[in-house]
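Chemist:
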Amino acid sequence: MRLALNFVFFIFKIHAGQFLVPYDHHLPDSRKIEIQVEFLNEFDAEKETVFFLEDAFDDIYLPFYELLDFSESSNFVLIKGRKDNEELKRGVMLSGSPDYQLAYKLYNQDQVARDIEVIRQELIGDEQVILLGYSSSAMVLQHYLSLYPNHVSRMISVNPLVFDIQKNLSFPSSGLSFSDLQLSGEQQVDFSYYANFDRENQSGNSLPKEHIIDFLTFQKVLTGLSTNQDIASNIPLMVRLFEHGIALSGFQDSEQKSNSSLEAMKKGSSPIWEAYHTSNFDFYGTNYDRLLEFEGKMTLIGAAFDQLIYPKSYDVLAEYYSNCTLLLLRDGHGLQQALGLPGFKELLNAFISNDTAGKISAYKIISDKNFIFEKYHEGAFKVPPLF
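Following the working numbering, the numbering of the sequence shown begins with 795 at its first residue and continues without gaps.
(1) Tell me where the beta strand (DSSP E) around Glu828 begins and ends.
(2) Assign Pro1178 to one of three DSSP states: helix, strand, or coil.
(3) Figure out for me which residue from Val983, Val923 and Arg876 has the closest Cα to the Cα of Leu1035.
(4) Go ahead and pull the three-state DSSP assignment for Tyr928.
(5) Report yes if the C-beta distance between Gly1090 and Ser1063 is below 8 Å; otherwise report no.
(6) Would you kindly work out how many angstroms separate the C-alpha atoms of Leu1123 and Gly1096, rounded to a whole number?
(7) Just how far apart, CA to CA, sit Gly811 and Thr1093?
(8) Can you tell me where the beta strand (DSSP E) holding Leu1010 begins and where it ends?
(9) Could you check the C-alpha separation between Leu888 and Gln1023 for me, to the nearest Å?
(10) Going along the chain, which residues of its own chain have a beta-carbon closer than 6 Å to the beta-carbon of Val952, five neighbours each way excluded?
(11) How would you write the range of the beta strand (DSSP E) that Gln812 sits in, first residue to last?
(12) Does DSSP put Ser951 in a helix, in a strand, or in coil?
(13) Can you list, in chain order, the residues of its chain with a C-beta nearer than 7 Å to that of Tyr987? Leave out the 5 residues immediately preceding and following it.
(14) Figure out for me which residue from Arg876, Ser964 and Ser891 has the closest Cα to the Cα of Tyr1104.
(15) Could you check if Ser967 is buried or exposed, using at least 16 other CB atoms within 10 Å of its CB as the buried criterion?
(16) Might you give, ordered along the chain, the residues of its own chain that have their beta carbon closer than 6 Å to the beta carbon of Pro1065, omitting 5 neighbours on each side?
(17) In the DSSP output, which residue or residues are listed as bridge partners for Lys1091?
(18) Using only alpha-carbon positions, find the residue among Ala1069, Asp878, Ala897 and Asp1162 that is nearest to Asp853.
(19) Which partner residues of Ala1097 appear in the DSSP bridge assignment?
(20) List the DSSP bridge partners of Ile873.
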């Protein structure tokens, strides 16, 4: 594992705005709450608009958008979302202690997705939006896409956490076990996030210890689930952990080994799990069949050496889109190498602006660095052509 720590600082021309959205989208005539949106460059109504989404899970690592360079070809809008709204927090704490069933009801991905639609309508009217999501936020944006496929022109999804696909197809998880070197469940999630190695080339079950030793060496300067001390007070994070845990929960049966990622996520969201088992409240998952209705362009960028999610899950996800480019990089989930690689940010901008010449140029730079993953080792499956 190679951990390249990218400390990148950009100065944005940030202009904040507030939008009113329903307190609960599933309540008729619900009162309104205010959520914040930041414009990362000067908004121009004549340009296409790109939506990013802040996500409580992504926030404990490194917000993806902070590491990107933005061209002037589009409007870049960051939706900070309902996770920061104080009125929602007061509602959850109204009785003096958290109402975890209400917490899920107010912070789930369906509420966030419907907030996005309100913002789209108010900001650009009938125009379609471009979505750019990474990891956990990519899943919320994909849920939005499933609800409003006709309102999106194209989406760029980077390492989406499609745990439900991994679970439904019984793909293996990354379980780690050493008699003399143990990681907590939270540490294993963080290791899986940052790690970058080809699991298919590992002999047997032996994961080279140097990968984990490297991780433990750098852990003090890495952010993640194991270094987050206030999960109990971060209700939106608990909800996201619960949603990811539900997606992973198929692993927990008598025939399979315990899944450390699931255990860590269930531990972090245990009060919501208890409320769920008590009242069996409605859960809002994504209807993947609705993705087939999307007529726009999907660009799916996955890490071939991802340890947080089984990489072939990305191949399966690509099958749900009629017009999809699948690009696999020789990197891990945290994209520690890609973010510092010449050509990667240019490639993202080319996909955003739909610049064919820019795609070809950036792709060549990345390909010349031998950073494109061409073929799986155990079979003859080839990655679909880029263009």
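Using N, Cα and C, we set each Cβ at its ideal position, and we do this for glycine too.
Modeler: Once the coordinates are examined:
(1) Lys826 to Phe833
(2) Here the model assigns Pro1178 a pLDDT of 48, short of 50, so the residue's position is not dependable and the matter cannot be decided.
(3) Val983
(4) strand
(5) no
(6) 6 Å
(7) Cα to Cα, the separation comes out at about 29 Å.
(8) Leu1010 -> not in any beta strand (DSSP E); alpha helix (DSSP H) instead, spanning Lys1003 to Phe1012.
(9) 24 Å
(10) Hits under 6 Å: Tyr928 and Ile1095.
(11) His809 to Pro816
(12) strand
(13) Tyr855, Gly1018, Leu1102, His1127 and Gly1128
(14) Tyr1104 has its Cα closest to that of Ser964, out of Arg876, Ser964 and Ser891.
(15) buried
(16) Tyr894
(17) Arg948
(18) Asp878
(19) Leu1123
(20) Val831 and Leu847
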